[in-house]
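A.B. asks: Pasting a structure below so you can have a look.
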Amino acid sequence: MTITRRSAVQLVALAFVAAPLAGCSYNTFVGQEEAIKAQWAQVENQLQRRNDLIPNLVENYPQLKANEQFNRLMDELAGTENRLAVERMRYNEKVQEYDTSRRRFPANLTAKMFGFKEYPYFQAPPDAKTVPKVNFSKPS
Numbered sequence: 360m361t362i363t364r365r366s367a368v369q370l371v372a373l374a375f376v377a378a379p380l381a382g383c384s385y386n387t388f389v390g391q392e393e394a395i396k397a398q399w400a401q402v403e404n405q406l407q408r409r410n411d412l413i414p415n416l417v418e419n420y421p422q423l424k425a426n427e428q429f430n431r432l433m434d435e436l437a438g439t440e441n442r443l444a445v446e447r448m449r450y451n452e453k454v455q456e457y458d459t460s461r462r463r464f465p466a467n468l469t470a471k472m473f474g475f476k477e478y479p480y481f482q483a484p485p486d487a488k489t490v491p492k493v494n495f496s497k498p499s
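In this text, residue positions in the sequence shown follow my numbering: the first is 360, and each later residue adds one.
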């Protein structure tokens, strides 16, 4: 099979057109991956906040059931849970944006060429469907 001069010119022209498009897609994927990582860091930040609040609430103040400080800590804990839910939702939005871009043509060719993998959505573990019980009485 011989390649004519015209076919060779067409292939070179196609390569010149496709190369910048691949570069744009690559940079988009890099930016989206970094956004996903940053958003996951926010989820972890809220998890740490929750872990800092719960021991303070349960271990240090078991006798303060009607105390104003106890109520404030409970409000902070509820606020943290709300923030955590928002950050998880934002993480899933970033993953959806990235995964959708990754599957669209012609960006899917760039994604495959450079090994951009699909990111998983945040999914609560099965035991998260069970409401946790908090016991405020002193352990014996």
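Glycine included, C-beta positions come from ideal geometry on N, C-alpha and C.
Going by beta-carbon coordinates alone, are Ser384 and Leu436 separated by less than 9 angstroms?
C.D. replies: Stepping through the sequence shown from its first residue, residue 384 is reached at position 25. Stepping through the sequence shown from its first residue, residue 436 is reached at position 77. No.
A.B. asks: To the nearest angstrom, how far is the alpha carbon of Gly438 from that of Asp486?
C.D. replies: Numbered from its first residue, the sequence shown carries residue 438 at position 79. Numbered from its first residue, the sequence shown carries residue 486 at position 127. Cα to Cα, the separation comes out at about 22 angstroms.
A.B. asks: Tell me the rounded alpha-carbon separation between Val402 and Thr387.
C.D. replies: As a working mapping, residue 402 is identified with position 43 in the sequence shown. As a working mapping, residue 387 is identified with position 28 in the sequence shown. Near 23 angstroms, if we compare the C-alpha coordinates of Thr387 and Val402.
A.B. asks: Residues in the same chain with beta-carbon distance under 6 angstroms from Leu443, minus the five sequence neighbours each way, listed in chain order, please.
C.D. replies: For the purposes of this step, residue 443 is taken as residue 84 along the sequence shown, with counting starting at 1. Answer for Leu443: Gln405, listed in chain order.
A.B. asks: Helix, strand or coil: which one does DSSP assign to Pro484?
C.D. replies: Taking the sequence shown and counting its residues from 1, the one referred to as residue 484 is at position 125. Looking at Pro484 - three-state DSSP - the assignment turns out to be coil, as it is neither helix nor strand.
A.B. asks: When the Cα of Ala397 is compared with those of Lys471, Lys492, Arg447, Met472, which residue comes out closest?
C.D. replies: As a first step, residue 397 must be located in the sequence shown, where it is residue number 38. Minimum Cα distance to Ala397 is reached at Arg447.
A.B. asks: So the alpha helix (DSSP H) Arg461 belongs to, where does it begin and stop?
C.D. replies: As a position in the sequence shown, residue 461 is number 102, starting the count at 1. Note, Arg461: alpha helix (DSSP H), 427-462.
A.B. asks: From what residue to what residue does the alpha helix (DSSP H) around Lys471 run?
C.D. replies: Here the question's residue 471 lines up with position 112 in the sequence shown. Per DSSP, Lys471 belongs to the alpha helix (DSSP H) from 466-473.
A.B. asks: Mind checking whether Glu393 and Tyr478 have CB atoms under 9 angstroms apart?
C.D. replies: Within the sequence shown, numbered from 1, the residue matching residue 393 stands at position 34. Within the sequence shown, numbered from 1, the residue matching residue 478 stands at position 119. Going by C-beta atoms, Glu393 is not nearer than 9 angstroms to Tyr478.
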